[in-house]
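Presented below is the structure to which this report refers.
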Amino acid sequence: MNNLGDLHMRTGNLECARNSYEEALTIALTFGSVADQVTAQTNLAGLLLMSDDAHDLTSGLDMYQECLFTFRRLGDRRNEANALIGIGIGHHRLGRYPEAAGHHTRALELARDIGAAHEEAHALHRLGVAEAALGNLGEAAGHLEMSLALADRTQEREQQARSLDALAGVRLQEGRRETAQELWQYAFGIFQELDTSEAARIGRKLASLTETEPHSKRRHRST
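Numbering (my numbering), first residue to last: -5 to 217.
Okay, structure coming up:
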């Protein structure tokens, strides 16, 4: 794990995080074990998939594919599931939603097979996001609710917040505005508690909801 890169990620400083991860990968490729190398690759791949640049997205996806082969060769099934999730995210970011759903489904099956609760909750979350992009809102909500329930049970606060965020988006698509607002408020509180840059992103969503709220409702709330 690259602690400095992770810190930059949590605070939203993606440029510094990228520099840190690239430096860590160079060192791992020169001096590290295969496990060190593939860990550094997954860190950098995950960051690249946050970019809006098509070249970065493709590079991140290709890097995750390489990591998948390495984890399979090492017999590391937990990280194989994580790599499948990463590949699914890459396809999603490139607009390939059926491919994304397929990879998240395989990751979910693998996570359940090995009893990896963290990976199961993450796979359910990402599968829900993919199904929502495909317009399957009922299936999306079901996956996200299962992800949230599992994250609640294992007390994984960041996954709780991410599942709440995604579920709020589905509820808004369904026209359930007040439910979406409530879910985003819960997510906002958790991200604030964790002191991550994600709190600001959720805050902007809540502000946008308020700005677009029907005037009659805003007037009623203010009295």
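Heads up, the beta-carbon is just placed ideally off N, CA and C, and yes, glycines get one too. From a predicted model like this one, the values you see are computed outputs, not experimental measurements.
Cα-Cα separation, residue i to residue j
i, j, result
"Gln35", "Val164", "32 Å"
"Asn76", "Ala101", "7 Å"
"Asp146", "Ser191", "22 Å"
"Arg72", "Leu203", "38 Å"
"Ser45", "Asp107", "32 Å"
"Arg87", "Phe25", "33 Å"
"Trp178", "Ala194", "12 Å"
"Gly69", "Leu23", "20 Å"
"Leu131", "Gln167", "8 Å"
"Ala155", "Glu17", "30 Å"
Residues of its chain near residue i, where Cβ-Cβ distance is below 7 Å and the 5 sequence neighbours each way are ignored
i, result
"Thr217", "At Thr217, the pLDDT of 34 sits below 50, so the modelled position is not reliable; the number obtained from the coordinates is stated separately. No residues qualify anywhere along the chain."
"Leu19", "Ala34, Gln35, Leu38"
Chain-order list of residues whose beta-carbon lies under 6 Å from that of residue i (same chain, five-residue window excluded)
i, result
"Ile81", "Tyr58, His97"
Cβ separation of residue i and residue j, assumed to be a contact under 8 Å, to the nearest whole Å
i, j, result
"Leu62", "Ser53", "About 15 Å; that fails the 8 Å criterion."
"Ala95", "Ala124", "4 Å"
"Ala117", "Ala105", "5 Å"
"Leu142", "Leu158", "6 Å"
"Gly122", "Ala160", "6 Å"
Any chain D beta carbon closer than 9 Å to residue i
i, result
"Ile21", "Considering every chain present, this structure includes no chain D. It has just one protein chain."
8 Å CB neighbourhood of residue i in its chain, flanking five on each side removed
i, result
"Tyr91", "His85, Ala124, Ala127, Leu128"
Suppose only complete runs of 4+ residues qualify. What are the alpha helix (DSSP H) ranges in the region 57 to 131, listed by chain order?
You should have 71 to 87, 91 to 108, 111 to 127.
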